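Colleague: There's a structure below that I have some questions on.
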Amino acid sequence: MADFETPSHAAEPPGPDHPAIDDLRAAELAHFRVLDTAPEAEYDRVAAMAAECFEAPIAMVSLIDRDRVWFKARVGLDITEAARSTTFCHHTVMQNDPLVVCDARLDARFADNPFVAPPCNGLRFYAGAPVISSRGIPLGTVCIFDVEPRQAPTGRELAVLKGLARLVTDRLEARPVERMRRMAAELAKTSSDAIVATDAAGIITTWNLAAERIFGWRADEAVGRGLDLIVPPRFSAFHAEGFRSLIAERREPRQTAAAELWGLHRDGHEVPVELSLALMRDEDDFGVGAIIRDVSVRRRQEVHLRWLAHYDPLTGTPNRATLTDDLGRLLARGEAEGDGHFTVALLDLDGFKDVNDTLGHSTGDTLLQRVAEKLVDSLGIDGSVYRLGGDEFALVLPNTGGGDAARRVLAQAQEAIARPFDLDGVSIDVEASVGYALSPIDGNSVEELVSNADLALYRAKRGRSGQPCRFTADLRADVTRRRTLDGELRAALQTGEFELYWQPQLDYANERWMGAEALLRWNHPTRGLLAPDAFMEILEASTLSGAVGAWVMRDACRQAAAWRRRGIGFERISVNLFVTQLRRPQFRDEVASLLAEFELPGHALELEITEKIALTLDETPLHTLHGLHDLGVKLAFDDFGTGYASLSALKRYPIDRLKIDRSFVRDLPHDESDAAIVSSIIAISTALGLEVVAEGVETEVQRDHLIRRGCLAGQGFLHARPMPVREIERLVGLRPAAE
């Protein structure tokens with residue numbers, strides 16, 4: 000054949016004189032890892048047997064490298080290698096048959112060989128049999144030498160020599176197997192899995208360090224004993240029958256994957272293990288090998304994961320998934336037994352975000368744990384507590400008849416957590432809102448009951464009554480209405496249904512219009528013109544508020560620029576902000592861009608934020624407000640006095656003006672409390688150098704009272720109602736723009 004293939008692909012072994020034979024021989028010897036290794040008794044015995052059988056003074060086991068002959072074993076000649084071209088062995092492997100040289104001095108091939116020719120008292124006789132691998136590759140020889148000529152060996156003697164060569168082949172080809180066995184033994188020593196083997200009688204023959212760790216028995220204690228040493232008594236009969244069947248049938252175990260079962264530790268406790276079995280064969284002997292893995296940690300992890308799937312890791316109470324399962328069981332039992340009366344309640348902590356923000360999340364977590372404990376203690380055996388996430392809990396009260404009984408239990412739970420909590424020396428007051436639904440009156444599915452309880456919770460939080468709120472049908476209608484309105488608001492922005500109305504502000508000192516507030520109106524396609532009271536609450540809670548706020552800001556700036564070009568002399572226009580606008584880090588840059596686009600000075604724009612919004616802002620919006628103030632934009636507190644921390648807010652925010660809420664103006668001057676509050680606000684504004692304007696001025700009596708107290712600006716129906724652009728332009732008239 001033209002191109003020689005490797006023996007594994009060749010139809011038959013290559014001849015000894017094939018050009019590729021040296022490469023194949025080198026590959027075989029490299030696989031056996033035998034060249035240049037230390038002496039080994041097995042090979043030394045072969046050389047000794049050859050010398051003894053043939054009564055030869057010299058015997059060798061040689062291996063043929065590319066340019067040398069290396070002697071793995073030798074008797075009578077103290078050299079380890081020789082140049083290949085000078086050796087008899089080179090000629091032996093070239094013919095794949097024994098080579099006999101009776102007198103080397105008379106053989107033309109060797110007469111001039113340095114080991115033969117005078118003056119050296121050299122070698123005269125040689126007989127060698129090639130060592131041939133199972134793949135037909137000649138690797139070396141087993142050979143004998145004599146310094147005297149000899150007669151040719153008999154056929155029987157050559158058969159002995161060839162037999163010794165086959166012994167060398169067997170030893171060479173056993174080397175990789177032995178090497179793998181040694182590696183396997185080392186692996187078994189260091190394996191984290193137990194490796195245990197038995198003979199056909201079930202007597203332990205192999206026991207590694209991992210087996211000692213898993214089962215507690217040392218190797219010298221386990222080897223020689225029966226396998227029932229590690230089988231729990233309750234499984235011994237089953238194990239014995241399975242083992243006998245395995246050995247009797249001489250078959251591999253049926254399972255294709257590792258089986259999980261129990262093992263027995265020395266101290267008597269059972270160990271969960273994963274077992275893989277294999278039948279071991281060695282000629283007529285059989286045994287069983289097992290790889291055994293301790294799965295105690297995995298079992299604990301699985302238990303923990305199952306626990307996490309059903310319980311809240313912070314409070315230890317059941318979670319939302321368990322709530323769903325439990326409610327499903329209660330509903331199924333009620334359907335089967337005709338008694339499905341139970342209560343589902345949702346409880347939400349009021350002001351929990353402030354605890355996290357001011358005292359840190361660690362304190363917040365501790366508070367949630369304490370709240371859960373209080374709730375569990377409060378319900379006792381009459382109910383169950385679930386944490387759904389954040390500061391929201393669910394309470395389930397089985398066997399509740401009417402709503403009054405459930406209401407009393409839930410009110411007691413509220414009271415239990417209303418007492419101050421002492422956390423690391425800090426006293427924390429907690430209030431909770433509760434909404435609940437009764438089964439089957441308020442719902443006959445898990446989703447419906449939880450959803451209705453959530454609607455009731457929403458009403459409870461809005462009402463702030465401090466009492467549990469039960470679901471009623473109108474709540475569902477309200478949600479439907481709110482969802483419908485939210486969708487209509489989104490369509491309104493797309494189709495241009497929004498419009499700005501304007502209400503001017505009067506300067507009492509100079510009897511002139513000093514500014515105008517932009518007020519949002521909605522030209523609803525079927526309900527007509529809608530004031531903010533009809534939609535603002537839903538808009539503020541919607542993700543749409545940011546987009547609507549941006550539209551209002553742009554249209555107001557556009558109109559202000561148009562008025563300034565025409566000489567309509569409002570000093571500033573006022574725009575109300577949504578909280579979503581202030582929470583945008585880029586809001587300051589957006590305002591700066593609008594001012595530049597419409598060529599408006601910063602002081603021509605006043606941005607109003609309600610005190611309620613101001614109290615919810617963190618550091619990012621506060622930084623934004625300072626950035627706006629640096630642009631020259633005026634900032635006003637709207638509805639001032641209706642919040643809970645007005646005075647402290649004045650210290651934090653760069654405010655230019657306070658707007659007295661209409662609720663304090665409405666009953667002036669007759670209501671002494673309102674009059675006192677208004678006077679205080681005006682005094683605070685004067686002391687802090689702030690402007691002040693009163694909203695909701697509807698009568699001359701109110702106006703005169705405000706002027707006497709020092710309020711020199713007003714806004715209300717007395718002066719002008721909110722009106723569209725054309726009407727306000729007619730109202731204020733035209734005058735030259737201020738220079």
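Position 272 of the sequence shown, counted from 1, bears residue number 271 in numbering that gives the first Met the number 0, the numbering being contiguous throughout.
Where is the CB? At the ideal position from N, CA and C, for every residue including glycine.
These numbers come from a predicted model, not from an experiment.
Between E391 and D347, which are expected to be in contact by the criterion C-beta below 8 angstroms, what is the C-beta distance as a whole number of angstroms?
Modeller: Along the sequence shown, one-based indexing puts residue 391 at 392. Along the sequence shown, one-based indexing puts residue 347 at 348. With a Cβ gap of about 5 angstroms, E391 and D347 count as contacting.
Colleague: From this set, R297, V296 and P317, which residue's C-alpha is nearest W306's C-alpha?
Modeller: By 1-based counting over the sequence shown, the position of residue 306 is 307. Cα-wise, what sits closest to W306 is P317.
Colleague: I need the straight-line Cα distance from H309 to L358, nearest angstrom please.
Modeller: By 1-based counting over the sequence shown, the position of residue 309 is 310. By 1-based counting over the sequence shown, the position of residue 358 is 359. Approximately 29 angstroms, taken between the alpha carbons.
Colleague: Where does N575 fall in DSSP's three states?
Modeller: Numbered from its first residue, the sequence shown carries residue 575 at position 576. N575 falls in the strand class under three-state DSSP.
Colleague: Is it right to say A555 is buried, meaning 16 or more other beta carbons lie within 10 angstroms of its own, or is it exposed?
Modeller: Numbered from its first residue, the sequence shown carries residue 555 at position 556. With 16 or more other Cβ atoms within 10 Å, it is buried.
Colleague: For my contact list, G135 and T91 are in at a C-beta cut-off of 8 angstroms; report their separation, rounded to the angstrom.
Modeller: If you number the sequence shown from 1, residue 135 lands on position 136. If you number the sequence shown from 1, residue 91 lands on position 92. The Cβ separation is near 15 angstroms, so there is no contact.
Colleague: Would you say L505 lies against chain C (beta-carbon separation less than 8 angstroms)?
Modeller: Protein chain content of the structure displayed is limited to a single chain, and chain C is not contained in it.
Colleague: Tell me where the beta strand (DSSP E) around A37 begins and ends.
Modeller: Taking the sequence shown and counting its residues from 1, the one referred to as residue 37 is at position 38. Neither: A37 is in no beta strand (DSSP E) and is coded neither H nor E.
Colleague: Would you list the residues sitting across from N522 in a DSSP beta bridge?
Modeller: On the sequence shown, position 523 is the one that residue 522 refers to. L528.
Colleague: State the Cα-Cα distance for the pair A404 and D349, rounded to the nearest angstrom.
Modeller: Along the sequence shown, one-based indexing puts residue 404 at 405. Along the sequence shown, one-based indexing puts residue 349 at 350. So the two alpha carbons sit approximately 24 angstroms from each other.
Colleague: Note down, in chain order, each residue of its chain lying with its Cβ closer than 7 angstroms to the Cβ of T197, except the 5 sequence neighbours on either side.
Modeller: Stepping through the sequence shown from its first residue, residue 197 is reached at position 198. Cβ within range, chain order: I203, T204, L226, G286 and V287.
Colleague: Determine the closest residue to D506 out of P38, G442, A417 and R571, with distance taken between C-alpha atoms.
Modeller: Taking the sequence shown and counting its residues from 1, one reaches residue 506 at position 507. Closest by alpha carbon: R571.
Colleague: Taking DSSP as the reference, what is the three-state secondary structure of Y507?
Modeller: Locating residue 507 in the sequence shown gives position 508, counting from the first residue. Looking at Y507 - three-state DSSP - the assignment turns out to be coil, as it is neither helix nor strand.
Colleague: DSSP on Y739, reduced to helix/strand/coil?
Modeller: Given that the chain is displayed from residue 0 to residue 738, the structure contains no residue 739 and the question cannot be resolved.
Colleague: Residues in the same chain with beta-carbon distance under 6 angstroms from F144, minus the five sequence neighbours each way, listed in chain order, please.
Modeller: Translated into the one-based positions of the sequence shown, residue 144 becomes position 145. So the list reads I57, L122 and Y125, once near-sequence residues are dropped.
Colleague: Go ahead and pull the three-state DSSP assignment for H718.
Modeller: In the sequence shown, counting from the first residue as 1, residue 718 sits at position 719. Reduced to three states, the DSSP call for H718 is coil.
Colleague: Evaluate contact between the region 441 to 453 and the region 416 to 425, counting only Cβ atoms and requiring at least three cross-stretch pairs below 8 angstroms.
Modeller: no
Colleague: Restricting to runs no shorter than 3 residues, where is the beta strand (DSSP E) found entirely within the region 85 to 152?
Modeller: 98 to 100, 124 to 131 and 137 to 145
Colleague: Can you name the residues that DSSP bridges to G372?
Modeller: Counting from 1 along the sequence shown, the entry for residue 372 is found at position 373. Going by the sequence as given, residue 372 is Glu instead of Gly. None, per the DSSP bridge assignment.
Colleague: Look at the alpha carbon of F3 and the alpha carbon of D22, and state the distance between them as a whole number of angstroms.
Modeller: Taking the first residue of the sequence shown as 1, we reach residue 3 at position 4. Taking the first residue of the sequence shown as 1, we reach residue 22 at position 23. Any reading at F3 must be qualified, since the residue scores a pLDDT of 34, below 50, and its modelled position is unreliable; the value itself is stated next. Between F3 and D22, the C-alpha separation is close to 11 angstroms.
Colleague: Tell me which residues share the same chain as M722 and place their Cβ nearer than 8 angstroms to its Cβ, disregarding the 5 neighbours each side in the sequence.
Modeller: Counted from its first residue, the sequence shown places residue 722 at position 723. These residues qualify, in order along the chain: Y500, W501, Q502 and L730.
Colleague: Please work out which residues of its chain come closer than 6 angstroms, Cβ to Cβ, to H523, disregarding the five sequence neighbours upstream and downstream, and give them in chain order.
Modeller: On the sequence shown, residue 523 is found 524 positions in, with the first residue counted as 1. Once the five neighbours on either side are set aside, the close Cβ partners of H523 are L529.
Colleague: Out of I608, R233 and G201, point me to the one whose CA is closest to V222's CA.
Modeller: If you number the sequence shown from 1, residue 222 lands on position 223. Ranking I608, R233 and G201 by Cα distance to V222 puts G201 first.
Colleague: Does at least one heavy atom of the ligand NAD sit under 7 angstroms from the Cβ of R702?
Modeller: The ligand NAD is not part of this structure, which contains no ligands at all.
Colleague: For T342, which residues of its own chain have a beta-carbon under 6 angstroms away from its beta-carbon, when the five flanking residues on both sides are left out?
Modeller: As a first step, residue 342 must be located in the sequence shown, where it is residue number 343. For T342, where only same-chain residues beyond five positions count, the Cβ hits under 6 angstroms are L396, T399, A405, Y435 and L437.
Colleague: Using the Cα positions of F569 and D670, report the straight-line distance between them to the nearest angstrom.
Modeller: Stepping through the sequence shown from its first residue, residue 569 is reached at position 570. Stepping through the sequence shown from its first residue, residue 670 is reached at position 671. When rounded, the distance between both Cα atoms is 34 angstroms.
Colleague: Distance check for A37 and I213, CA to CA, integer angstroms please.
Modeller: Start at 1 with the first residue of the sequence shown, and residue 213 comes out as number 214. Start at 1 with the first residue of the sequence shown, and residue 37 comes out as number 38. Taking the straight line joining both Cα atoms gives about 39 angstroms.
Colleague: Report back the beta-carbon spacing between R297 and V272 to the nearest angstrom; my notes put them in contact at under 8 angstroms.
Modeller: Here residue 297 corresponds to residue number 298 of the sequence shown, with the count starting at 1. Here residue 272 corresponds to residue number 273 of the sequence shown, with the count starting at 1. That pair is no contact at about 11 angstroms.
Colleague: Would you mind sorting V176 into buried or exposed? The rule is 16 or more other CB atoms within 10 Å of its CB.
Modeller: As a position in the sequence shown, residue 176 is number 177, starting the count at 1. So V176 ends up on the exposed side.
Colleague: Straight-line CA distance for C142 to A29?
Modeller: Position 143 of the sequence shown, counting from 1, holds the residue named residue 142. Position 30 of the sequence shown, counting from 1, holds the residue named residue 29. Going by the C-alpha atoms only, they are around 22 angstroms apart.
Colleague: Just checking my contact of R708 with V677 at CB under 8 angstroms: how many whole Å lie between their CB atoms?
Modeller: As a first step, residue 708 must be located in the sequence shown, where it is residue number 709. As a first step, residue 677 must be located in the sequence shown, where it is residue number 678. Sure, about 6 angstroms apart at Cβ, within 8 angstroms.
Colleague: Measure the C-alpha to C-alpha separation of T323 and L387 and round it to an integer number of angstroms.
Modeller: In the sequence shown, the residue the question calls residue 323 occupies position 324. In the sequence shown, the residue the question calls residue 387 occupies position 388. If I take the Cα positions, the gap works out to 11 angstroms.
Colleague: Going by beta carbon distance, what residues of the same chain come within less than 7 angstroms of V384, once the five residues before and after it are set aside?
Modeller: Mapped onto the sequence shown, residue 384 falls at position 385. These residues qualify, in order along the chain: T316, A371, L374, V375, L378, F392 and L394.
Colleague: Going by DSSP in three states, I380 sits in which element: helix, strand or coil?
Modeller: Within the sequence shown, the letter at position 381 stands for residue 380. If DSSP states are grouped into helix, strand and coil, I380 belongs with the helices.
Colleague: Which parts of the region 415 to 467 are runs of the beta strand (DSSP E), unbroken and 3 residues or longer, counting only runs that do not cross its ends?
Modeller: As for any beta strand (DSSP E) of minimum length 3 sitting wholly inside the region 415 to 467, the runs are 420 to 422, 425 to 427 and 430 to 438, ordered along the chain.
Colleague: If we count the other Cβ atoms within 10 Å of its Cβ and call it buried at 16 or more, is H704 buried or exposed?
Modeller: In the sequence shown, counting from the first residue as 1, residue 704 sits at position 705. The residue in question, H704, is buried, as its Cβ has 16 or more Cβ neighbours within 10 Å.
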